[in-house]
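The next block holds one structure in the form of structure tokens; read it before the comments.
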Amino acid sequence: MKNLMLRGNSAKMQECIFSNPTMDYEITEKLNSKGDIELKLVHRGNSAHTIKINYFQVVDSEGEVIKRVPVDKKLLLIFKERLKRYDPNQAMKIPSVKRKDSNSSFSLAIGTEVNPKSDLINEVIHKRTNQETSFTSTGEKLAWHYPIFNKLKTTGYGSIIRATLTLHQKCSSRCSYCSTIARNKSDSISLDEAKRFVEKLYTEQANYNKLNFTEYNDQYRNLTGTDIRLKGVILSGGGQPNLWPNFSELVEWLSGLDLDIGLITNGFPKNISEEIYNRFKWIRISITPEDASPHYIDGKFENQYIPQSIISNNSLTVGYSYVFGDWTNEQILTRLNNSALENNFNYVRVLTDCNLTRNNQIISHNELSKSLLNLGLVNSDGSPTSKVFHQLKYHSIEKEVQSIFTEGQCLLQSYNVFWDTTGHDEQGFSYCYPCDSVTVLADGDEIINPEVPSRRFDSRKFGTYRNTEVENLYKKPLRNFFDPRQTCKSCLFTRNNKIISEHITNKFNMKDYWDKNSDQPQHLNFP
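Okay, so the sequence shown: first residue is -7 according to my numbering, each after it adds one.
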């Protein structure tokens, strides 16, 4: 294999260091056996995360792929320019603009934003079903907790019924689209810190609502059987939760409380007792690109170790989650469906890369929906025919957030908290956030200067209270920690915010919706 000379006259493979203010990469270029250039991008904040590129996609003005082309010097310069503004998986989609003086030749545009047809979202073959509303956060489940939103409307106080804990920042997989690729420290919390966080939201919140909001607490108890308190806990990334040293002990402790426990993981370390997974209400297994996981024997996700206690437990909801992208081959969607059938899993959730801008995300959704239809995994209206369902999740536009966030306030924090441990090693504390998607905000409306996802949790921009002060989310009136009309123009949870916003402004009534809907979603304690 011959090396490509990039700098100087050395015969050794050289490295090209290319930086931008948001995402820093070290780019290594070399020639493969066919004489084509191959790129390897290593994130300078976390060298464990790499992206390999051996071709670019040329796309037309509507985002449709014209062809795949080998990397060459000209395209590489354009890619590097686009990398200043876009995520790598998006930067490799090179827009093509027809020259004015030619009917056939194309010149490649540097920095041109891909603009699909305005109605492209309507071309996505999709139908929202009970699977999507049960196994993802689409907003429908909020109505089954309507007394807490009546409380919010009248008093201005929130009620935290769902919490996600990241525990630490260590992960064994190396996904190019990772939403927290910029992490570079352990930032592990202690078992006592995790327990204290939950106790404040479980026991102390219930006592607070019984004493201070008796009317709404009684309404909630009549509806759900419990006081207004924490109802569901998710153990998730940040890092891989079952690599955290105190994972089993925390799960045992949580299982002694009257709440539902969920787990999001990309693998199962064999040093963890299989029986601990019987404590969960649901488990979602993230399927990575097959070259990104050490859990896949012979590079096949079907060969990974999955505890028998998960496969044989009929009372446990288990599903796969898969991100569709350029790393997806034509067989993997069928293989995911077949594997779910063989293991008797409940579902396969597929969605697109949230690091993409809205335009390219919708283009990817369109490609995904066509693939699912061609494979027979959905029918002509997008309804699932087997285990696979398509989650149609994409960024909002500025016009949408301006109409929803009229008070300049994110309403997810009125019922949900996401505790990420970034900065815990240095500070001894870390911050809570309204959601987990602030790391992947990618605004595709600004053609001149689109927002690039930071892929890290920035407490100065999106943080609410410290983990040691989480009780303030229900003991103090809901406050504006940041203005989402400015910071979250590409919000991924506008639907959830809209439902709450319209309820508290009397444009929509959650109780009426609850009264009229007999198709109750599953997993109501994870709205």
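Yeah, the Cβ is synthetic: ideal placement off N, Cα and C, and Gly gets one too.
Among the options, nearest to residue i - alpha-carbon criterion
{"i": "T257", "options": "E267, N270 and G230", "result": "G230"}
{"i": "F293", "options": "L328, Q514, L308 and K76", "result": "L328"}
{"i": "T338", "options": "T320, K379 and L404", "result": "Per the sequence shown, residue 338 should be read as Asn rather than Thr. Taking only the C-alpha atoms, the option nearest N338 is K379."}
{"i": "L193", "options": "E463, D64 and N501", "result": "E463"}
{"i": "F316", "options": "D290, N305 and T280", "result": "T280"}
{"i": "V51", "options": "L404, I140 and Q82", "result": "Q82"}
{"i": "I303", "options": "S331, W319 and E282", "result": "S331"}
{"i": "E18", "options": "G27, I43 and Y212", "result": "I43"}
{"i": "S446", "options": "V342, T431, Y297 and H387", "result": "T431"}
{"i": "F421", "options": "T320, R120 and S182", "result": "S182"}
{"i": "Y200", "options": "K467, R487 and K22", "result": "K467"}
{"i": "W521", "options": "C167, K143 and T130", "result": "Nothing about residue 521 can be reported from this structure: the residues present for the chain run from -7 to 519 only."}
{"i": "G248", "options": "E191, N214, S278 and G455", "result": "E191"}
Residue i and residue j closer than 8 Å at C-beta
{"i": "K187", "j": "N517", "result": "no"}
{"i": "P80", "j": "L33", "result": "yes"}
{"i": "C346", "j": "L465", "result": "no"}
{"i": "H357", "j": "L384", "result": "yes"}
{"i": "T128", "j": "W411", "result": "no"}
{"i": "N234", "j": "F260", "result": "yes"}
{"i": "L227", "j": "L255", "result": "yes"}
{"i": "T146", "j": "P513", "result": "no"}
{"i": "K273", "j": "T309", "result": "yes"}
{"i": "S361", "j": "H118", "result": "yes"}
{"i": "C424", "j": "N459", "result": "yes"}
{"i": "T413", "j": "L246", "result": "no"}
{"i": "Y269", "j": "S313", "result": "no"}
{"i": "I113", "j": "I354", "result": "yes"}
{"i": "R448", "j": "R77", "result": "no"}
{"i": "Y297", "j": "K262", "result": "yes"}
{"i": "L404", "j": "H382", "result": "no"}
{"i": "E392", "j": "T479", "result": "no"}
{"i": "G131", "j": "N488", "result": "yes"}
Alpha-carbon to alpha-carbon, residue j and residue i
{"i": "I173", "j": "E461", "result": "27 Å"}
{"i": "A284", "j": "R276", "result": "18 Å"}
{"i": "T216", "j": "N351", "result": "40 Å"}
{"i": "Y505", "j": "G368", "result": "33 Å"}
{"i": "P13", "j": "V444", "result": "With a pLDDT of 36 at P13, under the threshold of 50, the predicted position of this residue should be treated as unreliable, though the coordinate-derived value follows. If you take the alpha carbons of P13 and V444, they lie about 10 Å apart."}
{"i": "V409", "j": "S25", "result": "50 Å"}
{"i": "I45", "j": "E30", "result": "6 Å"}
{"i": "S406", "j": "Y169", "result": "29 Å"}
{"i": "I152", "j": "R221", "result": "6 Å"}
{"i": "F500", "j": "I491", "result": "7 Å"}
{"i": "K85", "j": "T349", "result": "12 Å"}
{"i": "S165", "j": "S171", "result": "12 Å"}
{"i": "G150", "j": "F141", "result": "8 Å"}
{"i": "D93", "j": "P376", "result": "Only weak support is given to the placement of D93: the predicted model assigns it a pLDDT of 44, under 50, and the question is left unresolved by the model."}
{"i": "I396", "j": "R120", "result": "22 Å"}
{"i": "Q197", "j": "L68", "result": "55 Å"}
{"i": "F205", "j": "S493", "result": "21 Å"}
Residue i classed as buried or exposed, judged by whether at least 16 other C-beta atoms fall within 10 angstroms
{"i": "L433", "result": "buried"}
{"i": "D184", "result": "exposed"}
{"i": "G55", "result": "buried"}
{"i": "P469", "result": "exposed"}
{"i": "D179", "result": "buried"}
{"i": "Q523", "result": "Outside the displayed range of the chain (-7 to 519) lies residue 523, so it cannot be described from this structure."}
{"i": "N295", "result": "exposed"}
{"i": "V57", "result": "exposed"}
{"i": "G400", "result": "exposed"}
{"i": "A510", "result": "Note that residue 510 corresponds to Ser in the displayed sequence, not to Ala. With fewer than 16 Cβ atoms within 10 Å of its Cβ, S510 is classed as exposed."}
{"i": "L242", "result": "buried"}
{"i": "L203", "result": "exposed"}
Residues bridged to residue i [DSSP beta-bridge criterion]
{"i": "V340", "result": "Y312 and V380"}
{"i": "A155", "result": "V225 and V409"}
{"i": "H35", "result": "Y17"}
{"i": "G254", "result": "I226 and W274"}
Any non-hydrogen atom of the ligand COA within 7 Å of residue i CB
{"i": "Y466", "result": "Absence of the ligand COA is noted for the structure shown, with no ligands found whatsoever."}
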